[in-house]
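Enquirer: Provided herewith is a single structure, encoded as structure tokens, for subsequent inquiry.
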RNA sequence: GGCUCGUUGGUCAAGCGGCUAAGACACGGCCCUCUCAAGGCUGAAACAUGGGUUCGAUUCCCGUACGAGUCACCA
């Protein structure tokens with residue numbers, strides 16, 4: 022059975038790149054009907070951020086990436102928080118020492134720093150690699166602080182096959198005797214993720230390509246323990262576009278790059294998920310780009326993952342988001358938009374009508390206030406706005422005539438709905454021998470004060486009601502007087 | 001700097017030895033229209049570069065350039 026995991030460290034917000042890793046990891050498991058595990062990697066005690074784990078969990082929850090095993094869900098391989106597994110790692114590390122694949126190192130941080138100053142590219146000089154058994158025992162007995170390092174082979178080459186990038190080979194001489202267990206008794210990522218992945222039965226290790234070159238070290242660990250190596254699936258990086266046109270790893274300076282920032286900005290989780298699924302992966306033989314989670318589960322295969330980094334394009338995300346919003350039914354839309362409406366809506370406004378007018382004209386929920394402002398209050402505008410070449414409105418006389426006629430007609434209309442308004446006003450066009458466009462242009466400018474509006478003149482009047490419509494026409498007439 | 005990986009239009013990308021080199025976003029034009037949006041049609045726009053291999057290379061190999069990643073008691 023395919024078993025994958027998402028193993029974030031709780032150091033803050035949920036980066037969109039992490040979310041994509043979680044998504045792909047989830048999809049690889051679920052495409053095969055396998056299991057998806059959440060594991061919290063909190064071994065760096067200094068970078069821990071309060072509440073970060075909750076953000077991770079809630080993000081997975083709202084995106085539907087439900088895990089079969091994990092903290093607060095349980096499972097046969099718990100605990101799922103690494104700080105609660107501390108003893109396990111020490112046990113396995115000692116096993117490695119006994120087998121000759123690791124060793125105690127008593128070098129102080131000061132010594133390491135000095136080493137680095139002398140030769141910045143040299144790395145650790147393996148000073149403790151060949152300490153005698155007696156020396157080690159004595160130090161241990163004396164309580165000298167220690168770390169445990171992996172004993173890398175000095176010669177030869179280590180290779181592994183990545184299912185996205187193919188065979189990756191590294192000369193063992195490139196490999197540092199990396200630290201497995203830190204002086205504080207906690208393991209490093211380099212060690213504990215291997216132990217946990219094995220113990221939890223993870224078959225596919227899915228992670229960003231920044232691990233591509235360190236994976237040989239992990240493969241060596243599997244070999245040392247005599248464990249079968251997992252399938253490695255490294256994902257292309259997510260990039261952001263810089264102002265000077267260059268690209269670099271997607272980060273805060275590129276804009277809102279955490280999932281919660283995006284949501285706060287009015288993006289829909291479904292749209293975000295759909296968009297990031299397509300960053301670095303392409304479905305086989307699909308003519309649509311629209312996928313919900315079930316669609317992704319069915320379509321996702323590893324051979325569709327690309328090797329080259331993908332630049333995050335906010336324009337396309339925005340387009341996707343707009344598409345998702347437009348497809349919402351009105352009830353759902355009203356529910357979602359509620360949190361984003363900050364302004365007070367006066368009683369004269371037909372809120373439902375207004376929102377359905379706006380629904381197809383916004384691309385993210387946060388645009389709502391700005392887009393509906395003119396319904397609430399007539400904006401300042403200049404009478405020049407009435408002039409319009411396309412409708413052959415070259416002077417204000419015709420505008421005035423139209424508005425006077427419209428006012429007269431409107432006063433006698435009681436039912437201010439779109440259809441009634443339209444059929445009531447149309448005779449004016451006939452009477453004045455002008456086009457519908459010309460007639461409605463004048464009225465629309467008067468009731469909106471804007472050159473471009475969501476909806477036509479009659480729809481706007483339906484929203485703002487009779488009194489307000491007439492009042493706005495009077496304002497226009499005043500301007501033209 | 002060493003090592004590793006990558007390179008198809010501005011962006012996401014299909015392609016897996018022979019194609020007029022798909023599609024999507026963004027951009028331009030036209031249509032529709034009660035302005036806008038949506039929708040329909042349409043246009044411009046790409047195989048980094050030099051060598052091979054081959055009857056034939058975007059596709060395979062090597063070099064170059066460019067880009068990225070990585071070289072922590074961080075993950």
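In our numbering, the protein residues as written are 22 to 502.
Cβ coordinates follow ideal geometry from the N, Cα and C atoms, glycine included.
All of these numbers come straight from a predicted model, not from anything done at the bench.
Closest to residue 120 by CA distance: which of 284, 242, 336 is it?
Expert: 242
Enquirer: Do you know offhand how far residue 225's Cα is from residue 252's?
Expert: 5 Å
Enquirer: Start and end of the beta strand (DSSP E) containing residue 103?
Expert: Where residue 103 is concerned, there is no enclosing beta strand (DSSP E), given that its DSSP letter is neither H nor E.
Enquirer: Need the endpoints of the beta strand (DSSP E) that residue 170 sits in, please.
Expert: 168–171
Enquirer: Which first and last residues belong to the alpha helix (DSSP H) in which residue 51 is found?
Expert: For residue 51, the enclosing alpha helix (DSSP H) has its first and last residue at 37–52.
Enquirer: Return yes when the Cβ of residue 31 is within less than 8 Å of the Cβ of residue 39, no when it is not.
Expert: no
Enquirer: In whole angstroms, what separates the C-alpha of residue 124 from that of residue 170?
Expert: Between residue 124 and residue 170, the C-alpha separation is close to 5 Å.
Enquirer: Just reading off the beta strand (DSSP E) that residue 25 is part of, what are its end residues?
Expert: For residue 25, the enclosing beta strand (DSSP E) covers residues 24–27.
Enquirer: Cβ atoms of residue 167 and residue 126: under 8 Å apart, would you say?
Expert: Judged by their CB atoms, residue 126 and residue 167 are nearer to each other than the 8 Å cut-off.
Enquirer: Can you name the start and end residues of the beta strand (DSSP E) that residue 446 belongs to?
Expert: Premise fails: residue 446 lies in the alpha helix (DSSP H), 439–453, not in any beta strand (DSSP E).
Enquirer: Got a sec? Which residues, its chain only, sit under 6 Å from residue 122 by beta carbon, not counting five neighbours each side?
Expert: 172, 245
Enquirer: Using a Cβ-Cβ cutoff of less than 8 Å, which residues in the same chain neighbour residue 329 once the five nearest sequence positions on both sides are dropped?
Expert: 257
Enquirer: Does the Cβ-Cβ distance between residue 293 and residue 36 come in under 8 Å?
Expert: No, Cβ-Cβ distance for residue 293 and residue 36 is not below 8 Å.
Enquirer: Please name the residue in 320, 357, 115 whose C-alpha comes closest to that of residue 295.
Expert: Nearest C-alpha to residue 295: 320.
Enquirer: Do three or more CB pairs link the region 417–424 to the region 372–391 at distances below 8 Å?
Expert: no
Enquirer: If you reduce the DSSP assignment to three classes, tell me which class residue 412 lands in.
Expert: coil
Enquirer: To which residues of the same chain is residue 453 closer than 8 Å at the C-beta, ignoring the five residues directly before and after it?
Expert: 419, 422, 423, 426, 460
Enquirer: Helix, strand or coil for residue 533 per DSSP?
Expert: What the structure shows of the chain is the stretch from 22 to 502, and residue 533 is not part of that stretch, so it cannot be assessed.
Enquirer: Which residues in the same chain as residue 206 place their Cβ atom closer than 8 Å to its Cβ, once the five residues preceding and following it in sequence are excluded?
Expert: 107, 111
Enquirer: When DSSP labels each residue in this structure, what does residue 59 get in the three-state scheme?
Expert: strand
Enquirer: Pull up the distance between the alpha-carbon of residue 442 and that of residue 494, whole angstroms please.
Expert: 15 Å
Enquirer: Tell whether a beta-carbon distance below 8 Å holds between residue 88 and residue 59.
Expert: yes
Enquirer: For residue 270, name the three-state secondary structure that DSSP assigns.
Expert: Shown here, residue 270 sits in a strand according to DSSP, grouped into three states.
Enquirer: Could you spell out where the alpha helix (DSSP H) holding residue 255 opens and where it closes?
Expert: No alpha helix (DSSP H) holds residue 255; the beta strand (DSSP E) holding it covers 252–256.
Enquirer: In the structure shown, what three-state DSSP assignment does residue 384 receive?
Expert: coil
Enquirer: Taking the C-alpha atoms as reference points, what is the distance between residue 376 and residue 204?
Expert: 60 Å
Enquirer: Figure out for me which residue from 255, 90, 129, 498 has the closest Cα to the Cα of residue 187.
Expert: Residue 187 has its Cα closest to that of 255, out of 255, 90, 129, 498.
Enquirer: For residue 468 and residue 374, I'd like the C-alpha separation in whole angstroms.
Expert: 16 Å
Enquirer: Which of the three DSSP states, helix, strand or coil, is assigned to residue 208?
Expert: strand
Enquirer: Note down the Cα distance separating residue 512 from residue 387, rounded to an integer number of angstroms.
Expert: Nothing about residue 512 can be reported from this structure: the residues present for the chain run from 22 to 502 only.
Enquirer: Can you find at least 3 beta carbon pairs, one from the region 335–348 and one from the region 74–83, that sit closer than 8 Å?
Expert: Result no; under three Cβ-Cβ pairs closer than 8 Å.
Enquirer: Ordered along the chain, which non-local residues of its own chain (more than five positions away) have a Cβ less than 6 Å from that of residue 46?
Expert: Cβ contact annotation for residue 46 (same chain, cutoff 6 Å, sequence separation greater than five): 25, 27, 227, in chain order.
Enquirer: Quick one: is the Cβ of residue 342 within less than 7 Å of any heavy atom of the ligand ZN?
Expert: As presented, the structure is devoid of all ligands, the ligand ZN included, so that no description of it is given.
Enquirer: Less than 6 Å between C-beta atoms, sequence neighbours within five positions excluded: which residues of the same chain meet that for residue 200?
Expert: 168, 170, 209
Enquirer: Would residue 132 be called buried (16 or more neighbouring beta carbons within 10 Å of its own) or exposed?
Expert: exposed
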